[in-house]
Amino acid sequence: MFGAAAASSASTTAATASTAHAVNTFTTVRRAFLSSTFTSPSPSYHSIVCGRFRFLTLRSNNTLSTKAMADSQTIAVPKHDSQSSAAGNKQVLISLSDKKDLALLGNGLQELGYTIVSTGGTASALENAGVSVTKVEQLTCFPEMLDGRVKTLHPNIHGGILARRDQKHHMEALNEHGIGTFDVVVVNLYPFYDKVTSTGGISFEDGIENIDIGGPAMIRAAAKNHKDVLVVVDSQDYPALLEFLKGGQDDQQFRRKLAWKAFQHVASYDSAVSEWLWKQTVGDKFPPNFTVPLSLKSSLRYGENPHQKAAFYVDKSISEVNAGGIATAIQHHGKEMSYNNYLDADAAWNCVSEFKNPTCVVVKHTNPCGVASRDDILEAYRLAVKADPVSAFGGIVAFNIEVDEALAKEIREFRSPTDGETRMFYEIVVAPKYTEKGLEVLRGKSKTLRILEAKKNEKGKLSLRQVGGGWLAQDSDDLTPQDIEFNVVSEKKPQDSELSDAEFAWLCVKHVKSNAIVIAKDNRMLGMGSGQPNRRESLRIALGKAGDEVKGAALASDAFFPFAWKDAVEEACESGIGIIAEPGGSIRDGDAIDCCNKYGVSLVFTNVRHFRH
């Protein structure tokens, strides 16, 4: 028994020794192969080294297959020093979906003496550009698999990226396993965002297949180890990269900037995947966590005031791709946009986009001070300015139809109704489209006049607003008169024209800062009161703007009237208002109804509040 055990022990010892010998031989061969050259070796050599040692696997009893051991002992080992190769051979890893300027990059790196390692289509594109390439599988000794899902997820790749050059044990580990280092990693990702936002969308299965795995892993690895590895994710950085490499001097700030950009690139990518997948599974607008990817469009001269620094960002969320609005507007002419310009232009465009008929809106400090709808847009423009010509001067003018030559001339030459002489001045004109002649005329009005062409806003957007330490999120206020009922609660029933005026005023008041009152007649704003702490003061401002034209006009309030007698409702009735539209819901609604009945004024409840803060 003891003899059998001794024999078994001797056999195990011999097998272990053979295993160790085979493993050492395999490691030596692989190290020698990888260190010998990183340019494409001959196919036969690649077949010998990668092909045979692919089958060199340890069995569960810690012994090697006889064939594997035999093969391992018959391969000639090139005589090269792997340590000097890892230290002296400059390597770049390139794997790109967007191959813009790839030839420029590849040739530039090759001229600088870098060995280029690449994958699939990128390698083919480089070879077509005359650049020598080592394919990734020649380093990993493993082909692409699982329909390309696994290419670079391998220690021979990630070890060469993540190893810290100043850590002796890291470099010893690379040397032990025959792994070379990478000095530069250039990667961009599958075009997931473009695919899922394309016309017609994409199937769930195709969406999943367009989620990049290996790319983000390489980018993150290189960015983490940016002290030793330069990482590039944007083709615009290729010239700067080549200049940096030519200079021969290290700059950690340059490396950190590239690393920051890399992590931001991956974060934006993951944000798109997360947003898309949430919509595919749940669809709720308010997920427990979400990221808003913002892209810098421009640095601004200053913020709301000259002492405040500012910038403008575009929302790159999937939901905002076709949302329209000022962020994606084309500026045809004029001075650069300011912080306040963006706010005012956005307010004007949001308001004018509500109307179906040809409409002009004039905005000052985000409040519409003039609105008019007419079949003749020239008349609509004149009436909108006339509503408050003092405020309109220096404001923003918005149209919901094309600006042609005739309208452009009217904008350029129109004199202020206050004196009939002063030519009206505007900061911005915004419209969905311009004719060539229209643009030519407007450009002649002023060198500073900003001319914006914007796409119509889409409904159903998520509205975000920052508060200290957090954000508020809500649906955008997209309701129109067609979406609600105007319930007549007074004894006097309004005529169709009065009801139309009430609907127009109600559509205007939702864009006025609370407390808000709008007086309108014949599809034009006569007066507006905004931003007052109490509704009575807003009413008095609106009545003052409307003047004598208030007789028979419609009044819309953004919220209910808390008091009626000797307050806003009675003052409105006494002024000659013909119809009042308000949400209702006050404990004193009965007083408002009684007051309107006393003065013979129509009162309608909308059951919809329009606060705007």
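Just remember that my numbering sits 6 ahead of the position in the sequence shown, which is counted from 1. For glycine and all other residues, C-beta sits at the position ideal for the given N, C-alpha and C.
Between the Cα of Phe-492 and the Cα atoms of Ala-511, Thr-121, Met-343 and Glu-133, which residue gives the shortest distance?
-> On the sequence shown, position 486 is the one that residue 492 refers to. Nearest of Ala-511, Thr-121, Met-343 and Glu-133 to Phe-492, Cα basis: Ala-511.
By the 10 Å Cβ neighbour count, where 16 or more other Cβ atoms means buried, how is Trp-355 classified, buried or exposed?
-> Working through the sequence shown from its first residue, we reach residue 355 at position 349. Buried: at least 16 other Cβ atoms inside 10 Å.
Given 8 angstroms as the limit, is there contact between the segment 239–248 and the segment 171–189, that is, 3 or more CB pairs closer than that?
-> The segment 239–248, when compared against the segment 171–189, does not touch it at the 8 angstroms Cβ threshold.
Looking only at DSSP bridge pairs, what is Gly-466 linked to?
-> On the sequence shown, residue 466 is found 460 positions in, with the first residue counted as 1. Note: Gly-466 sits in no beta bridge, so no partner.
What's the gap between the Cα of Lys-303 and the Cα of Ser-344?
-> Translated into positions along the sequence shown, residue 303 becomes position 297. Translated into positions along the sequence shown, residue 344 becomes position 338. One C-alpha to the other measures close to 12 angstroms.
Starting from the Cα of Cys-579, find the closest Cα among Gly-590, Glu-416, Leu-549 and Met-224 and give me that residue.
-> As a first step, residue 579 is located in the sequence shown; it is residue number 573 there, counting from the start. Comparing Cα-Cα distances from Cys-579 to each of Gly-590, Glu-416, Leu-549 and Met-224, the minimum goes to Leu-549.
Whole beta strand (DSSP E) elements within the segment 290–317, 3-residue minimum = 300–306
Shortest alpha-carbon distance to Pro-624 belongs to which of Ala-246, Tyr-120, Ser-101 and Tyr-308?
-> Not covered by the structure: residue 624. The range shown for the chain is 7 to 619.
Pick out the complete alpha helix (DSSP H) segments inside the segment 213–244, 4 residues or longer, and give them in chain order.
-> DSSP runs (the alpha helix (DSSP H)) wholly in the segment 213–244: 220–230.
Is there contact here, the segment 354–373 with the segment 313–323, by at least three beta-carbon pairs under 8 angstroms?
-> Verdict: no, contact absent.
What is the rounded straight-line gap between the Cα of Arg-429 and the Cα of Thr-365?
-> Position 423 of the sequence shown, counted from the start, is the residue given in the question as residue 429. Position 359 of the sequence shown, counted from the start, is the residue given in the question as residue 365. Using only the alpha carbons, I get a separation of about 21 angstroms.
Gln-648 classed as buried or exposed, judged by whether at least 16 other C-beta atoms fall within 10 angstroms | Look at the range of the chain in this structure, 7 to 619, and you will see that residue 648 is not part of it.
Could you have a look at Gln-259 and say whether DSSP puts it in helix, strand or coil?
-> By one-based count along the sequence shown, residue 259 stands at place 253. Three-state DSSP puts Gln-259 in a helix.
Near His-176, what residues of its chain come up, given a Cβ to Cβ distance below 7 angstroms and the 5 sequence neighbours on each side ignored?
-> For the purposes of this step, residue 176 is taken as the residue at position 170 of the sequence shown. Only Ala-169 and Arg-170 meet the Cβ criterion.
Proximity to Arg-261 [Cα-Cα], best of Gly-475, Phe-405 and Asn-231 | For the purposes of this step, residue 261 is taken as the residue at position 255 of the sequence shown. It is Asn-231 whose Cα lies nearest to the Cα of Arg-261.
Kindly identify the DSSP beta-bridge partner or partners of Trp-477.
-> Here residue 477 is taken as the residue at index 471 of the sequence shown, counted from 1. For Trp-477, which the question treats as bridged, DSSP gives the partners Gln-472.
If you scan the segment 322–393 from start to end, which runs of the alpha helix (DSSP H) of 4 or more residues do you find wholly inside it?
-> 345–358 and 383–392
Whole runs of the alpha helix (DSSP H) within the segment 550–613, excluding any shorter than 4 residues = 574–581 and 595–605
Under 8 angstroms between C-beta atoms of Lys-527 and Ser-608 = Along the sequence shown, one-based indexing puts residue 527 at 521. Along the sequence shown, one-based indexing puts residue 608 at 602. Not closer than 8 angstroms, so no.
Do Lys-451 and Pro-423 have their CB atoms nearer than 8 angstroms?
-> Here residue 451 refers to the residue found at position 445 when the sequence shown is read from its first residue. Here residue 423 refers to the residue found at position 417 when the sequence shown is read from its first residue. Not in contact: Lys-451 and Pro-423 (Cβ atoms no closer than 8 angstroms).
Excluding the five sequence neighbours on either side, which residues of its own chain have a C-beta within less than 6 angstroms of the C-beta of Gln-255, listed in chain order?
-> Taking the first residue of the sequence shown as 1, we reach residue 255 at position 249. Closer than 6 angstroms at Cβ, skipping near neighbours: no residue.
Report the residue from Ala-460, Gly-475, Glu-442 and Glu-446 whose alpha carbon sits nearest the alpha carbon of Val-403.
-> To locate residue 403, count along the sequence shown from 1; it is residue 397. Comparing Cα positions, the closest option is Ala-460.
Taking the C-alpha atoms as reference points, what is the distance between Ile-81 and Asn-162?
-> Here residue 81 refers to the residue found at position 75 of the sequence shown. Here residue 162 refers to the residue found at position 156 of the sequence shown. Confidence in Ile-81 is poor, its pLDDT being 25 and thus under 50, which makes the residue's placement too unreliable to answer from.
Round the Cβ separation of Gly-537 and Lys-519 to the nearest angstrom and send it over; I've been treating them as touching at under 8 angstroms.
-> As a working note, residue 537 is residue 531 in the sequence shown. As a working note, residue 519 is residue 513 in the sequence shown. Indeed, because the Cβ distance is near 4 angstroms, the residues count as touching under 8 angstroms.
On the premise that Met-531 lies in contact with Ala-378, defined as a C-beta separation below 8 angstroms, what is that separation, rounded to the nearest angstrom?
-> Residue 378 sits at position 372 when you count from the first residue of the sequence shown. Residue 531 sits at position 525 when you count from the first residue of the sequence shown. Yes, they are in contact, since the Cβ atoms of Ala-378 and Met-531 sit about 7 angstroms apart, within 8 angstroms.
Considering only the beta carbon of each residue, do His-339 and Ile-417 sit closer than 8 angstroms?
-> Here residue 339 corresponds to residue number 333 of the sequence shown, with the count starting at 1. Here residue 417 corresponds to residue number 411 of the sequence shown, with the count starting at 1. Their beta carbons are not under 8 angstroms apart, which means His-339 does not touch Ile-417 by this criterion.
Under 8 angstroms by Cβ, that's how I've got Val-409 and Ala-437 pegged, so tell me the actual separation to the nearest angstrom.
-> On the sequence shown, residue 409 is found 403 positions in, with the first residue counted as 1. On the sequence shown, residue 437 is found 431 positions in, with the first residue counted as 1. Rounded, the Cβ-Cβ distance is 5 angstroms, consistent with contact.
Inter-residue spacing [alpha-carbon to alpha-carbon] between Ser-496 and His-371 | As a position in the sequence shown, residue 496 is number 490, starting the count at 1. As a position in the sequence shown, residue 371 is number 365, starting the count at 1. The alpha-carbon atoms of Ser-496 and His-371 are separated by roughly 36 angstroms.
How big is the Cα-Cα spacing for Ser-90 and Asp-257?
-> In the sequence shown, the residue the question calls residue 90 occupies position 84. In the sequence shown, the residue the question calls residue 257 occupies position 251. Summary for Ser-90: the model assigns pLDDT 30, below 50, so the residue's position carries little reliability, and this model does not support an answer.
Should Leu-40 be labelled buried (16 or more other beta-carbon atoms within 10 Å of its own) or exposed?
-> Residue numbering aside, residue 40 sits at position 34 when the sequence shown is read from its first letter. In this prediction, Leu-40 scores a pLDDT of 45, lower than 50, which makes its location untrustworthy; no coordinate-derived value is stated.
Could you please give me the residues that DSSP links to Thr-140 through a beta bridge?
-> What you label residue 140 is simply residue 134 of the sequence shown in a count that begins at 1. Val-123, per the DSSP bridge assignment.
Tell me the DSSP bridge mates of Val-436?
-> Here the question's residue 436 lines up with position 430 in the sequence shown. Ala-404 and Leu-458.
Would you identify the three-state DSSP class for His-86, choosing helix, strand or coil?
-> Looking up residue 86 in the sequence shown gives position 80. With a pLDDT of 30 at His-86, under the threshold of 50, the predicted position of this residue should be treated as unreliable, though the coordinate-derived value follows. Of the three classes helix, strand and coil, the one that applies to His-86 here is coil, per DSSP.
Give me the Cα-Cα distance between Pro-487 and Glu-427, rounded to the nearest whole angstrom.
-> Numbered from its first residue, the sequence shown carries residue 487 at position 481. Numbered from its first residue, the sequence shown carries residue 427 at position 421. Going by the C-alpha atoms only, they are around 39 angstroms apart.
Can you check DSSP and say which residues form a bridge with Met-430?
-> In the sequence shown, the residue the question calls residue 430 occupies position 424. Beta-bridge pairing links Met-430 to no other residue.
Can the beta-carbon of Phe-617 be found closer than 8 angstroms to that of Ser-592?
-> Numbered from its first residue, the sequence shown carries residue 617 at position 611. Numbered from its first residue, the sequence shown carries residue 592 at position 586. Going by C-beta atoms, Phe-617 is not nearer than 8 angstroms to Ser-592.
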